[in-house]
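Trainee: Under my numbering, the residues of the sequence shown are numbered 14 to 517, in order.
We put the beta carbon where it would ideally sit given N, CA and C, even for glycine.
Shown below is the structure under consideration.
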Amino acid sequence: MKADFIQKDFTTLKADALVLVLTKEDIGDGSGSSKQGRLFDKFHSEKTQLERAVKGGRFKGDKDELVTVYSAARYGVVFLVGTGDESELTNERLRRAAAAGVREAQSVKAASVVVATMDSVLEETSHYEVVHSLLEGAILGAYKYDRYFTLKRDASTVTSITVAFSSVDSATGKKAARDAQLTCEAVYLTRDLCNAPANEMYPEVLARVAANMARKYHVRARIFDEKQIRKMKMGGLLAVNAGSAKPPRFITLEYRGNARNNTWYAIVGKGITFDSGGISLKPSAGMGEMKMDMSGAAAVIGTIQALASLKIPVNVVGIAPSTENLPGGNAYKPGDVVTTMSGITIEVDNTDAEGRVVLSDGLHYAKRYNPKVIIDLATLTGAVVVALGHHATGMMGTSEDTMAQLKEAGEKTYERVWQLPIFEEYEKQIKSDIADVKNVGGRWAGSITAGLFLKKFVGDYPWVHLDIAGTAMLEEKADYSIKGGSGVGVRLLTQFFKQISSQR
Ligand code: BES
Ligand code: ZN
Ligand code: ZN
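Structure (structure tokens):
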């Protein structure tokens, strides 16, 4: 995908398709008066279909409105996408509108697309953000996962998207376009990893993808194999791995974007490449979805790529313990007691609560970096999906500062987070009679007891846990996500680190 900005008025450009994002005020009453009908003004000298669509009242600029106009100006097809009242315009509305338009363009097999709005959009918001949002929505909306179709491959692919404004200066526009493209490439990587089937995406493959990314972006990768994992005594990761025929991997990615200081941030992702539940086997209906149980790890890998490609001045280590959770003959069992790398012992009550068991070692390992904060991402509990559905990531932790920053980053990127409490009263639910902690906490507040379990392994380090079970994979397409992997976490954390690095 080629994404670019050009400092020109869209009426002077040529492409297969034009996506024109318009507010109600841009359309006015359709009469073409210079005050109201801004769009009409632009085309006043041409008797185009576009003019007719607007004048005839077919298109009003309402939110979510989309009208197709064939061959207007120098475009094969034009999609008018409404965003509603100008006063309610947000970056998110721009993303969604651009995505809706690009999807239509894709469906008519357009390859080159120009995305534009009226200049009025630029009056209230920063020019950088307008260009960035439009491109982000357009690129993410164009994402497809079609590599396994061989018989009926749908050839329609948008290959170039250009945002055009004559009144945005070229340097600002180009910078926004490049940043949006790099960010979206990282989201694409994360989505690809999540959507990949588990027979082709298992720990060794996940580690290889991480290592290849690291080589390309000059990040230091260290991939620990089973022997090294044993040597480090990562009993949690090994216990979950015992039922799988495939060996585990422990992935670390060190991105050193700020050579002037030694402050590290750690991001830790759950990397279960398939979660059958193990001996506490899941029901078969819908089990295939559990190929995405490595979405936390995928978000970590994508985030490191985004930070490195955008050259954000911050030091971040990405950590991802990875294994399958299968019920092989050697599998760990309910009733087992596992000794983790930290020395803390876990009574296994349910082998399907495996994410927290592997994260115990990932979180403990993170302490080696003496990190300023540890943030973990995990498709950890079904309970968070019950609580928050698919529109918010569950957040809990000990660093109020970090959570406030993440909340802000979430609003900005629209990868929104919502805090759950981790009151100490919940803790007795994970008390074990024979070990330091039990891996399940009963029926109530399942996401919170899972969080409290993780908390035992971060010690005194400031920490935030993001439960992305509801947001990492969508049941149906939405806005700029397809059905499947959303890539959640990448834009959120990238924005978070941008904020952190600009505030120092
Ligand atoms: N990977 C699942 C959680 C999950 C559920 C992710 C739905 C995405 C969508 C996790 O390993 C799991 O099985 N959790 C159990 C925990 C329970 C046994 C305490 C759950 O949520 O049912
Ligand atoms: Zn599970
Ligand atoms: Zn799981």
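Could you check whether Tyr382 and Ile317 sit closer than 8 Å to each other, using their CB atoms as the reference points?
Mentor: It is not a contact, given that the beta carbons lie outside the stated cut-off.
Trainee: Is any heavy atom of ligand 2 found at a distance shorter than 7 Å from the C-beta of Phe366?
Mentor: The question names Phe, but residue 366 in the sequence shown is Ala. Yes, Cβ of Ala366 sits closer than 7 Å to a heavy atom of ligand 2.
Trainee: Closer than 7 Å: is that where the CB of Asp446 sits relative to any heavy atom of ligand 3?
Mentor: No, Cβ of Asp446 sits at least 7 Å from all heavy atoms of ligand 3.
Trainee: Is there contact here, the segment 399-406 with the segment 303-322, by at least three beta-carbon pairs under 8 Å?
Mentor: Flag = no, the segment 399-406 and the segment 303-322 do not touch.
Trainee: Please find out if some non-hydrogen atom of ligand 3 comes closer than 7 Å to the beta-carbon of Asp480.
Mentor: No, Cβ of Asp480 sits at least 7 Å from all heavy atoms of ligand 3.
Trainee: State yes or no: is the C-beta of Ile513 nearer than 7 Å to some heavy atom of ligand 3?
Mentor: The answer is no for Ile513.
Trainee: Does DSSP classify Ser47 as helix, strand or coil?
Mentor: Low per-residue confidence applies at Ser47: pLDDT is 47, beneath 50, and the placement is therefore not dependable, though the value from the model is reported in the following sentence. Note: Ser47 maps to coil in three-state DSSP.
Trainee: Within its chain, find whatever has a CB closer than 8 Å to the CB of Leu79; leave out the 5 residues flanking it on each side and keep chain order.
Mentor: Cβ neighbours of Leu79 beyond the five flanking positions: Phe92, Leu93, Val94, Gly95, Ala113, Gly114 and Glu117.
Trainee: From the DSSP output, in three-state form, read off Gly368 for me.
Mentor: Gly368: helix per DSSP, three-state reduction.
Trainee: Please state if the CB of Leu31 and the CB of Val127 are separated by a distance shorter than 8 Å.
Mentor: Yes, the pair counts as a contact, with Cβ atoms nearer than the cut-off.
Trainee: Any chance the CB of Gly249 is under 7 Å from a heavy atom of ligand 1?
Mentor: Flag unset: Cβ of Gly249 not near ligand 1.
Trainee: Measure the C-alpha to C-alpha separation of Thr507 and Ala319 and round it to an integer number of angstroms.
Mentor: The alpha-carbon atoms of Thr507 and Ala319 are separated by roughly 7 Å.
Trainee: Considering Cα atoms alone, identify which of Met300, Val329, Lys496 and Leu251 is closest to Leu153.
Mentor: Ranking Met300, Val329, Lys496 and Leu251 by Cα distance to Leu153 puts Lys496 first.
Trainee: May I ask which residues mark the beginning and end of the alpha helix (DSSP H) holding Thr426?
Mentor: Its alpha helix (DSSP H) spans residues Glu413 to Thr426.
Trainee: According to DSSP, which residues form a beta bridge with Leu266?
Mentor: Answer is Ala234 and Gly331.
Trainee: Using the DSSP secondary-structure output, state which residues sit across from Lys496 in a beta bridge.
Mentor: Beta-bridge pairing links Lys496 to no other residue.
Trainee: Tell me whether Lys48 is buried or exposed, calling it buried when 16 or more other Cβ atoms sit within 10 Å of its Cβ.
Mentor: At Lys48 the pLDDT is 47, less than 50, meaning the model places this residue with poor confidence and gives no usable figure here.
Trainee: Cβ of Gly2 within 8 Å of Cβ of Lys37?
Mentor: Residue 2 falls outside the range modelled here, since the chain spans only 14 to 517, and no answer is possible.
Trainee: Does ligand 2 have even one heavy atom less than 7 Å from the beta-carbon of Asn452?
Mentor: Because no heavy atom of ligand 2 lies under 7 Å away, the Cβ of Asn452 does not count as near it: no.
Trainee: Tell me whether Ser257 is buried or exposed, calling it buried when 16 or more other Cβ atoms sit within 10 Å of its Cβ.
Mentor: Its Cβ being crowded by 16 or more others within 10 Å, Ser257 is buried.
Trainee: Quick one: is Gly423 buried, meaning 16 or more other Cβ sit within 10 Å of its Cβ, or exposed?
Mentor: Looking at its Cβ environment, which holds 16 or more other Cβ atoms inside 10 Å, Gly423 is buried.
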